Amino acid sequence: MKKKKSVKKKLFQIIMISTIACVLASCLVSFMAIHSIEKKQIQSSMRFSLHQIMSNFEQGYLNLVNIMQSLEPGGNIGTAVGDFLEEQDNYEKKLKKENLSEKISGILFTNLDVKEIYYKDKESGMILCGSGAAFQKTRDKSYNKRIKQVGDQAFFCIEKNEKQSSQNYRISIVKESQDFGTKVLDIYVEQQIENFGEMDYKLMQIDENMKICFSESEDFKIGEKIEQEWTGDNAWQSFDQNGNHILLSKGKMGFYYAFAVPLSIYNQEISIWQERMLIIMAVSFAIFYSIVIAIYHMIVKPIQKLKQEIEETGKGNFERIEDDIEIKEFHQVLAGINTMREDIKELQEKEKKEEELRKKIEIEKLMYQINPHFVLNTLYSIQWMAQRDGNTEIREFVHNLTAILSYNLGKEKTVSSLRTEVEIAKKYIEIQKQRYDFEVRMEVEEGAYLDAPTIRMLIQPLIENALQHGLGTVGKLELWIFSDPYQNYAVIIVRDYGEGLSREKIRELNQPLGIEEKQKRSGIGLRYVRYMLETFYGENAILNINSTREKGTKITILIPILKEEK
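Now the structure itself:
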């Protein structure tokens with residue numbers, strides 16, 4: 200026979216094997232995927248940064264184009280320039296020049312990144328009017344700085360003043376040879392783009408012919424060509440050149456932006472991540488091993504405790520367990536054992552009481568079944584004698600009593616339904632009217648629900664309780680029976696206007712059938728109804744007793760409408 204292993208050894212083996220397998224698998228998968236993952240992370244970082252930078256420059260160029268529309272002839276400021284140039288009167292010319300300067304200053308004020316705006320005489324090269332850092336200076340924009348020409352409008356590439364501490368970028372456009380009547384002028388607008396901070400990536404701007412116009416990388420000189428051709432298949436192209444990894448993207452203006460990162464830095468990131476992964480896996484293995492040891496110590500003692508208590512339960516010890524386990528799950532198991540012990544004790548006591556109750560009910564059943572045929576035959580004889588003597592009142596009384604007894608004793612072979620219950624209730628009320636003086640209001644809604652099967656003696660005990668406790672000085676009894684088609688329920692309401700029931704009496708009515716009372720038996724009818732409803736309908740039936748002292752009692756019953764079995 201194979202030797203059984205203890206939980207201690209089995210658990211230790213399973214956890215250790217699982218731990219080693221998981222760690223080795225993680226190491227293998229990590230080393231296989233790290234190269235690809237790191238490249239994707241670096242690519243994602245480069246793409247995100249290049250997209251932001253490219254968006255800023257593209258937005259800057261578009262902003263310059265919009266400003267240029269107001270500066271050219273026919274524009275808001277361009278018209279003011281024409282008026283200024285055509286004016287002959289020196290005083291008026293001075294006023295118009297001041298007005299022109301204010302308008303240009305307004306553009307600079309609303310566009311804080313715009314640093315220079317000026318109009319330059321095409322023939323003399325002198326700046327006639329403008330505002331900003333270049334005002335009243337001569338600027339020579341080399342044609343080598345032009346990155347794109349659209350008609351008479353030229354776009355200049357990115358510039359960067361290394362001497363300034365901020366080292367911000369500058370972009371500019373010029374609209375050449377604009378006719379303002381008396382003179383032909385070049386219009387120049389320049390905007391500053393803030394520096395994006397320290398990055399390992401070096402920015403380049405490339406024209407439509409793949410010629411570098413601006414470069415922050417020492418490995419790529421201005422005027423040098425990029426060897427890679429733009430395919431246009433994707434928004435990004437990656438390749439290696441001059442010992443750098445290049446990420447290239449085309450802007451909406453038609454020229455290109457690129458990031459260059461040295462391959463040493465590009466691969467160094469991967470090496471660093473590999474080293475970190477090895478350290479993380481080593482630390483994870485050590486922590487995992489420590490957790491295994493801790494779990495082992497945490498579960499052995501509780502398991503031994505559970506084993507001991509289960510053995511005690513098997514020996515018949517149903518005393519409550521003193522719980523000293525701090526782990527929630529084992530605490531719940533011990534609580535379950537405590538509940539099981541309590542349930543077993545209650546079940547034993549319940550079986551004992553039910554056995555006594557069964558014996559008692561059997562005796563009472565024998566007593567109640569003593570020759571019921573004799574009673575019915577006697578009543579039939581009295582009914583015949585009353586009919587023979589012409590006493591219709593006694594005949595009807597005995598007839599109703601016979602029908603009630605025959606129905607309640609089950610001598611009628613009909614299936615009990617709400618309709619038969621209503622008929623028996625009417626006969627019972629007629630009998631009680633011979634003894635009590637009371638008014639009855641009975642409203643029964645006609646419908647197919649009345650033929651639904653139900654328990655025997657459902658309504659009679661309710662009326663009996665109302666007559667016994669609820670007539671009072673008003674002497675009025677009300678009975679309503681109707682259906683709720685939406686909820687598929689039949690509703691029975693019996694209401695009286697008597698003294699009402701005390702809390703103690705309601706508590707007695709809620710006691711299970713068969714509970715012995717110290718005094719005389721009372722409320723057996725209502726307790727019978729509650730017991731039979733629970734037996735016949737389970738939890739689907741509702742019996743509610745609402746009673747107020749000196750105002751009366753209302754008993755409401757809701758029963759599901761069952762289909763009669765054929």
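In the numbering used here, the protein residues as written are 200 to 765. Where is the CB? At the ideal position from N, CA and C, for every residue including glycine. Every value quoted in this text rests on a predicted model; they were computed, and no experiment measured them.
From N441 to K293, what distance separates their C-alpha atoms?
Using only the alpha carbons, I get a separation of about 57 Å.
Tell me which residues share the same chain as N745 and place their Cβ nearer than 6 Å to its Cβ, disregarding the 5 neighbours each side in the sequence.
Cβ within range, chain order: K753.
For I658, name the three-state secondary structure that DSSP assigns.
I658 falls in the coil class under three-state DSSP.
May I ask you to report which of helix, strand or coil DSSP gives Q427?
Three-state result, Q427: coil.
Work out the CA separation of A647 and V639 for me, nearest whole Å.
Within the model, the alpha-carbon separation for V639 versus A647 is close to 24 Å.
Roughly how many whole angstroms lie between the Cα atoms of I392 and F283?
Roughly 32 Å between the two C-alpha positions.
Put E615 into one of helix, strand or coil per three-state DSSP.
One point to set straight first is that residue 615 is Ser, not Glu, in the sequence displayed. For S615, the secondary structure class from DSSP, reduced to helix, strand or coil, is coil.
So what does DSSP say about Q547, is it helix, strand or coil?
Note: Q547 maps to helix in three-state DSSP.
Given a cut-off of 8 Å, decide if V728 and I680 are closer than it, judged by their beta-carbon atoms.
No, they are not a contact pair.
E358 versus Y368 - alpha carbon distance:
One C-alpha to the other measures close to 6 Å.
Which same chain residues, not among the five before or five after N739, have their C-beta less than 6 Å away from its C-beta?
Within the same chain, N739 has close Cβ partners P759.
Opposite P652 in the DSSP bridges: which residues?
Partner(s): S616.
Residues near F438 by beta carbon distance below 6 Å, same chain, minus five either side:
Closer than 6 Å at the Cβ level, and outside the excluded window around F438, lie Q427 and I445.
Going by beta-carbon coordinates alone, are I252 and Y455 separated by less than 8 Å?
No, Cβ-Cβ distance for I252 and Y455 is not below 8 Å.
With DSSP as the reference, label L757 as helix, strand or coil.
Three-state result, L757: strand.
Using only alpha-carbon positions, find the residue among S269, K504, L661 and K449 that is nearest to W435.
For the residues S269, K504, L661 and K449, the minimum Cα distance to W435 belongs to K449.
May I ask you to check if the CB of L223 is nearer than 7 Å to at least one heavy atom of the ligand COA?
The model on display carries no ligand, and the ligand COA is accordingly not part of it.
Distance, Cα to Cα, K506 vs I536?
C-alpha separation (whole angstroms): 11 Å.
With contact counted as at least three CB pairs below 8 Å, one residue from each stretch, are the segment 385-401 and the segment 308-324 in contact?
Under the Cβ criterion (8 Å, minimum of three pairs), the segment 385-401 counts as touching the segment 308-324.
Using 8 Å as the Cβ pair cut-off and three pairs as the minimum, do the segment 368-388 and the segment 417-433 touch?
No, the segment 368-388 does not touch the segment 417-433.
Between the segment 405-412 and the segment 259-269, do three or more beta carbon pairs fall short of 8 Å?
With a cut-off of 8 Å, the segment 259-269 and the segment 405-412 do not count as touching, because too few Cβ pairs lie within range.
So is R634 buried or exposed if we call it buried at 16+ other beta carbons inside 10 Å?
With fewer than 16 Cβ atoms within 10 Å of its Cβ, R634 is classed as exposed.
Considering only residues of the same chain and omitting the five flanking positions on each side of T381, which have a CB-CB separation below 8 Å?
L284 and E285, listed in sequence order.
Using CA atoms only, rank isn't needed, just tell me which of I756, T218 and Q212 is closest to A485.
Cα-wise, what sits closest to A485 is T218.
Any idea what DSSP makes of R345, helix, strand or coil?
Reduced to three states, the DSSP call for R345 is strand.
Alpha-carbon spacing of E749 relative to E707, whole angstroms:
Taking the straight line from one Cα to the other gives about 19 Å.
Per DSSP, cross-strand counterpart(s) of I370:
DSSP, once it has assigned bridges, lists Q390 as partnering I370.
Under 8 Å between the Cβ atoms of S300 and S330?
It is a contact, given that the beta carbons lie within the stated cut-off.
What did DSSP end up calling K275 once you bin it into helix, strand or coil?
Note that residue 275 corresponds to Asn in the displayed sequence, not to Lys. Here DSSP, grouped into helix, strand and coil, assigns N275 to helix.
Pull up the distance between the alpha-carbon of Y290 and that of K296, whole angstroms please.
In this model, Y290 and K296 are separated by some 10 Å (Cα to Cα).
Whose CA, out of R694, V690 and L725, lies closest to the CA of K704?
Considering only alpha carbons, the answer is L725.
So which of R702, A224 and E645 has the shortest CA-CA distance to T747?
Looking at the Cα atoms, R702 is the closest of the given residues.
With a CB to CB cut of under 7 Å and the five nearest residues on each side skipped, what residues in its chain are close to E554?
Exclusion of the five residues before and after E554 leaves no residue of its chain whose Cβ lies closer than 7 Å to its Cβ.
Which of helix, strand or coil does DSSP assign to T747?
Annotated three-state conformation of T747 is strand, per DSSP.
Shortest alpha-carbon distance to M325 belongs to which of F354, D385, Q352 and L617?
Ranking the options by Cα distance to M325, first place goes to D385.
State the start and end residues of the unbroken beta strand (DSSP E) segment that holds I357.
In the DSSP assignment, I357 falls within the unbroken beta strand (DSSP E) covering Q352 to K359.
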